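Taking this note's numbering, the leading residue of the sequence shown gets 1, the next gets one more, and so forth. Working notes, structure below.
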Amino acid sequence: MTLATGIGSFPGADQRDFDEALRVVLGELSLPFLPEVPGRGAPAGMIGRTLGLVTELDADLQPAGWRLTGTSGAPPVDQRRARSLLAQDLDTLEEQAATYAGTFKVQVAGPWTLAATVERPRGDKLLADHGARRDLAQALAIGVADHVADVRRRLPGAASLVVQVDEPSLPSVLSGAVATASGFGKHRVVHPPEASEALGWVLDAVRDAGAEAWVHSCAPGAPLALVRGAGAVGLAVDLALVDADGHDALAEALEAGQTVVLGVVPTTMPEDPPTPKALVERVLRWLDLVGLDPEAVGDRLLVAPACGLAGADGTWARRAVDLTSSVARALG
């Protein structure tokens, strides 16, 4: 049976929007997840929420974005706000999913996306400092393990947990395309062995905490073979952005008994919205392209929107979820 899921984000600007998003994913998707509603502010976004999990490092919010403070003691107010929002969301999850018994998914930003986004105390991205990016990855691994334990405590009946590690910046990190603070230069290339090692620390922490480790990247040129080598047992992609090497990596993952999430539903309303039939045919064409039998892949192949839905309006976000569920049912 093909499952329906989502990538993470939803539109909205307050707690009521989160509550509604959670009701939708719990009621409509066969693999529900903890929604993100970044319209509530930077502490509720992908970076802020993940920094809230990292108790080993302190971070605050500057005009240019998130920055490590280099201090110890009480966390800065913005980081405390991120932790408070996440705790509030988890409280709501615990109330709405008290009897949930299936698989549940949560999302965190990956170490390389954080390193390419968060600044050092003295400025410029953590990506510029080998030691700082190493410390960040190791602190993230600890925070993610604690997060898994917290979610498991709140969902005691869940059959299993999945942690989706979001790495949209990983292709830019590997190609040396991340801009410096001045905007006139680029950070040095991070070579695959180092990229794999740091990502592997986080994925290993997920596995050791008793959850499945997936990696999502909706950027062109996502290094899916590297991600699998780092320990990911699930790959989530925007199908429209997958290159030839990526198609091979996805097929190899399915053949190895791992999970693939194909992002096929538009994230914002197109001029000509696709029908469920058209999207089903697109998935079947892809399976034919890589030489896989639809019946053989079973529930290891999932469908989802191409990326997060934060940029959509509420009407399309709900319709995108409905389309995803319809496609999964038809394929199943």
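Ideal Cβ positions, reconstructed from N, Cα and C, are used throughout, including at glycine. Just so it is clear, the structure is predicted and the values come from calculations on it, not from any experiment.
Classify glycine 257 as buried or exposed, calling it buried when 16 or more other Cβ atoms lie within 10 Å of its own Cβ.
The residue in question, glycine 257, is exposed, as its Cβ has fewer than 16 Cβ neighbours within 10 Å.
Give a yes or no on contact between the stretch 48 to 68 and the stretch 12 to 30, applying the rule of three or more CB pairs nearer than 8 Å.
No, the stretch 48 to 68 is not in contact with the stretch 12 to 30.
Suppose you measure from the CA of leucine 350 to the CA of proline 276; what does that come to, to the nearest Å?
Only positions 1 to 332 of the chain appear in this structure, which leaves residue 350 out of reach.
Beta-carbon separation of leucine 279 and valine 327 under 8 Å?
Closer than 8 Å, so yes.
Looking at the structure shown, is phenylalanine 18 part of a helix, part of a strand, or coil, going by DSSP?
In this structure, phenylalanine 18 counts as helix in the three-state DSSP scheme.
Our contact map puts arginine 218 next to valine 237 with C-beta atoms below 8 Å; I'd like the distance itself, whole angstroms only.
In the sequence as presented, arginine is not what sits at residue 218; that position holds cysteine. Correct: roughly 7 Å between the Cβ atoms.
Which of the three DSSP states is assigned to histidine 216 in this structure?
In the structure shown, histidine 216 sits in a strand (DSSP, three-state: E or B).
Can you name, in chain order, every residue of its own chain whose Cβ lies under 6 Å from the Cβ of alanine 249, other than the five neighbours on each side?
Here the set comprises Leu224, Ala225.
Hey, could you find the ends of the alpha helix (DSSP H) arginine 67 is sitting in?
It is not in any alpha helix (DSSP H) - arginine 67 instead sits in the beta strand (DSSP E) that spans 65 to 68.
Mark arginine 23 as exposed unless 16 or more other C-beta atoms lie within 10 angstroms of its C-beta, in which case mark it buried.
The residue in question, arginine 23, is exposed, as its Cβ has fewer than 16 Cβ neighbours within 10 Å.
Leaving aside the five residues before and after leucine 254 along the sequence, list all residues of the same chain whose C-beta is less than 7 Å from its C-beta, in chain order.
Excluding residues within five positions, the ones whose Cβ falls inside 7 Å are Val260, Leu292, Val297, Arg300, Leu301.
Cβ atoms of valine 106 and valine 163: under 8 Å apart, would you say?
Yes. Within cutoff.
Can you tell me whether alanine 296 is helix, strand or coil according to DSSP?
Alanine 296: helix per DSSP, three-state reduction.
Where does the unbroken beta strand (DSSP E) through leucine 304 begin, and where does it stop?
Sequence inspection shows alanine at residue 304; the leucine mentioned does not correspond to that position. Where alanine 304 is concerned, the enclosing beta strand (DSSP E) stretches over 301 to 305.
Would you mind sorting leucine 340 into buried or exposed? The rule is 16 or more other CB atoms within 10 Å of its CB.
In the structure as shown, the chain starts at 1 and stops at 332, and residue 340 therefore has no counterpart that could be examined.
Residues bridged to glutamate 119 by DSSP?
DSSP output for glutamate 119 lists Arg67, Lys125 as bridge partner(s).
For valine 232, which residues of its own chain have a beta-carbon under 7 Å away from its beta-carbon, when the five flanking residues on both sides are left out?
According to the sequence displayed, residue 232 carries alanine and not valine. Result list for alanine 232: Leu203, Ala213, Trp214, Val215, in chain order.
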